[in-house]
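Protein chains in written order, with our numbering: chain A, 658 to 867; chain B, 2 to 205.
The C-beta atom is built at its ideal place from N, Cα and C for all residues, glycine as well.
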Amino acid sequence: MELTPPGGRGMPAPPDARSGFVSPNWLTTRLDDLVNWSRANSLWPMAFGTACCAIEFMATAASRFDLARFGMERVAYSPRQADVLICAGRLPFKLAPVIRRVWDQMPQPKWCISMGACASTGGIFDNYAMVQGIDTIVPVDVYVPGCPPRPEGLLYGILMLQKKIKGETLFDPELRVEQLADERGLFLEPTTVDELSEPFGNSVHQTRSA
Amino acid sequence: MTPNPSVATLRARFGASVVRSAVVLGDTIVVVAADRSHEILAWLRDDPDERYDYLVDVTAVEYRDRELPLEVVYQLRSLPRNACLRVKIALAKDADLVVDSVVDLWPGANWLEREVWDMFGVRFRGHPDLRRLLMWETYDEGHPLRKDFPLRGRFSRSEQVRRALGADLRAHYSLEELSIAEAAAALPADLRARLAAAPPTDPR
């Protein structure tokens, strides 16, 4: 789609972080606002709860903290009808193909929240059985730190995701790219996966042979 | 602390096959020879004076000292006699790690022995279905609880992710787990006849 810079011909396009992207005109901006407003306020979560973070997720969804206040009225336990994947808890390698299948089944547009230390980094489980951050499996939009995060933390992460969605534009093609597996079966470069999985904090004192 | 009286009877009956015994924190431990372990465990279960009818756990221990053997541990309990006995088999680590399966004595040993195979690589002779239990079946890095197993696995993280994502989701369930072979006798006759005519195929 050809987009004209604001101000008409002759005006230099404002600099933009994304290469080749020009700010849209007034009409699409208004349309973006409307679409983003509706999307951000009707996020249906697909809860992928594997551990104690899922208990905090339940508390967040229950009456005291009430996820429904932010448009997440319906927790979709079907990936086909979900907008945001919330991985709550550690993810063992045995479950990696499962969460990948769930992510592939979710229709675009879709987002992902990595809830808690284990989902984001592997947490204390820096061992042979655990995925070191689900961002090596699926693209993550918001990381919620904590072990487990309190419901306020998850709500704050969801509000951050809503803010992020409100800044998106319909005509940015990068936001809608399906990350399909390449011939190696990975979704990222192997060096990137290794880099993301590097130990940090106290884990660096463990040697690989220990 | 007096040892469990079963030890004296075991020594009298099996002689040198009872390698040693000890009492640790009130629990009696008896180490038996691997070649007669099945016979000894069967006797412990069936003898009217022993009656260890409940197998609490099968596990294995590998010590940090390299010269110490790997031990397979059976925790026995006699519900009618309210008694406990821990039976160990010492296996030299440079030889084949093989012991006789006790699934024919206690059917509950099935998954316990599968777990020991999965985590320690001890094979159980005569086990009906010796496959990995906790790790997936195509897991190729070895047996994670062995001392020579690196904490983070043998492969690089990217290789681990690649192999995990390439796993077939349906392969986690084997035909054996999904089959109704064990319940066949309880099935209605017409269903049995239909199954015999067209046996279920492997979903893989």
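Where the alpha helix (DSSP H) through residue i begins and ends
i                         : result
glutamine 161 of chain B  : 158-166
glutamate 852 of chain A  : 847-853
isoleucine 712 of chain A : 709-718
aspartate 47 of chain B   : 38-47
arginine 758 of chain A   : 753-762
Identified DSSP bridge partners for residue i
i                         : result
isoleucine 743 of chain A : A/Ala704, A/Ile770
aspartate 28 of chain B   : B/Val25
proline 13 of chain B     : Here the sequence assigns alanine to residue 13 of chain B, which means proline is not the residue at that position. Answer is none; alanine 13 of chain B lacks a bridge partner.
proline 129 of chain B    : Proline 129 of chain B is not bridged to any residue.
serine 736 of chain A     : In the sequence on display, residue 736 of chain A carries proline and not serine. Answer is none; proline 736 of chain A lacks a bridge partner.
alanine 35 of chain B     : Alanine 35 of chain B pairs with nothing; no bridge assigned.
leucine 86 of chain B     : B/Leu77
valine 100 of chain B     : B/Phe125
valine 198 of chain B     : What sits at residue 198 of chain B in the sequence shown is alanine, not valine. Alanine 198 of chain B pairs with nothing; no bridge assigned.
valine 801 of chain A     : A/Met772
Euclidean distance between Cα positions of residue i and residue j
i                        : j                            : result
leucine 176 of chain B   : tyrosine 53 of chain B       : Low confidence applies to leucine 176 of chain B: its pLDDT is 49, below 50, so where it sits in the model is not reliable, and the reading given next is rough at best. Approximately 33 angstroms between the Cα atoms of the pair.
proline 147 of chain B   : alanine 43 of chain B        : Rather than proline, the amino acid found at residue 147 of chain B in this sequence is arginine. If I take the Cα positions, the gap works out to 29 angstroms.
histidine 144 of chain B : tyrosine 64 of chain B       : 15 angstroms
glycine 878 of chain A   : valine 104 of chain B        : Since the displayed chain A opens at 658 and closes at 867, residue 878 of chain A lies outside it and no answer follows.
glycine 773 of chain A   : leucine 812 of chain A       : 13 angstroms
arginine 153 of chain B  : leucine 827 of chain A       : 42 angstroms
aspartate 783 of chain A : aspartate 48 of chain B      : 48 angstroms
arginine 163 of chain B  : proline 847 of chain A       : 9 angstroms
glutamate 855 of chain A : aspartate 66 of chain B      : 30 angstroms
leucine 724 of chain A   : arginine 195 of chain B      : 51 angstroms
threonine 29 of chain B  : glutamate 138 of chain B     : 36 angstroms
aspartate 839 of chain A : leucine 170 of chain B       : 19 angstroms
lysine 751 of chain A    : tyrosine 785 of chain A      : 11 angstroms
proline 4 of chain B     : lysine 89 of chain B         : 15 angstroms
valine 117 of chain B    : arginine 747 of chain A      : 24 angstroms
tyrosine 800 of chain A  : glycine 780 of chain A       : 13 angstroms
threonine 778 of chain A : glutamate 835 of chain A     : 23 angstroms
tyrosine 75 of chain B   : serine 102 of chain B        : 11 angstroms
proline 808 of chain A   : phenylalanine 722 of chain A : 7 angstroms
Given residue i as reference, the closest of the options once Cα atoms are compared
i                         : options                                : result
arginine 87 of chain B    : B/Glu72, B/Lys94, B/Met120             : B/Glu72
aspartate 655 of chain A  : A/Gly790, A/Lys751, A/Val732, A/Leu742 : Beyond the ends of chain A as shown, which are 658 and 867, falls residue 655 of chain A; an answer cannot be given.
leucine 26 of chain B     : B/Ala35, B/Leu113, B/Cys85             : B/Cys85
leucine 69 of chain B     : B/Phe150, B/Leu56, B/Ala91             : B/Ala91
asparagine 699 of chain A : A/Pro796, A/Val799, A/Val834, A/Trp768 : Before going further, note that residue 699 of chain A is serine rather than asparagine in the sequence given. The shortest Cα separation from serine 699 of chain A among A/Pro796, A/Val799, A/Val834, A/Trp768 belongs to A/Trp768.
proline 806 of chain A    : A/Met729, A/Arg721, A/Ala745           : A/Ala745
glutamate 160 of chain B  : B/Asp169, B/Phe150, B/Tyr140, B/Asp149 : B/Tyr140
valine 99 of chain B      : B/Asn111, B/His128, B/Asn83            : B/His128
asparagine 111 of chain B : B/Ser79, B/Val74, B/Asp97, B/Val59     : B/Val59
lysine 94 of chain B      : B/Asp101, B/Gly122, B/Leu11            : B/Gly122
valine 57 of chain B      : B/Ser79, B/Glu51, B/Glu142, B/Ser38    : B/Ser79
glutamate 1 of chain B    : B/Phe156, B/Leu166, B/Leu135, B/Gly109 : Since the first and last residues shown for chain B are 2 and 205, residue 1 of chain B lies out of range.
threonine 10 of chain B   : B/Val24, B/Leu77, B/Glu51              : B/Glu51
threonine 849 of chain A  : B/Leu77, B/Ala197, B/Glu114, B/Arg158  : B/Arg158
glycine 167 of chain B    : A/Pro754, A/Thr778, A/Glu730           : A/Pro754
Span of the beta strand (DSSP E), counted from its first residue to its last, around residue i
i                        : result
tyrosine 55 of chain B   : 55-62
glutamate 116 of chain B : No beta strand (DSSP E) contains glutamate 116 of chain B, which is instead part of the alpha helix (DSSP H) from 110-121.
glutamine 618 of chain A : Because chain A in this structure spans residues 658 to 867, residue 618 of chain A falls outside the shown range and cannot be described.
glutamate 72 of chain B  : 71-79
valine 795 of chain A    : Segment: none, valine 795 of chain A is in no beta strand (DSSP E) and carries neither H nor E.
> If we count Cβ pairs, one from each stretch, closer than 8 angstroms, do we get three or more for the stretch 723-737 of chain A versus the stretch 750-767 of chain A?
Replying inline: yes
> Counting Cβ pairs, one atom from each stretch, are 3 or more of them under 8 angstroms apart for the stretch 746-760 of chain A and the stretch 790-809 of chain A?
Replying inline: yes
> Between the stretch 711-718 of chain A and the stretch 837-853 of chain A, do at least 3 Cβ pairs fall closer than 8 angstroms?
Replying inline: no
>> Using 8 angstroms as the cut-off, can you tell me whether the stretch 7-21 of chain B makes contact with the stretch 30-38 of chain B, which would need three or more C-beta pairs spanning the two stretches below that distance?
In response: yes
>> Give me the subset of the stretch 779-802 of chain A whose CB atoms are less than 9 angstroms from a CB atom of chain D, sorted by chain position.
In response: Here the protein chains are A and B, and chain D is not one of them.
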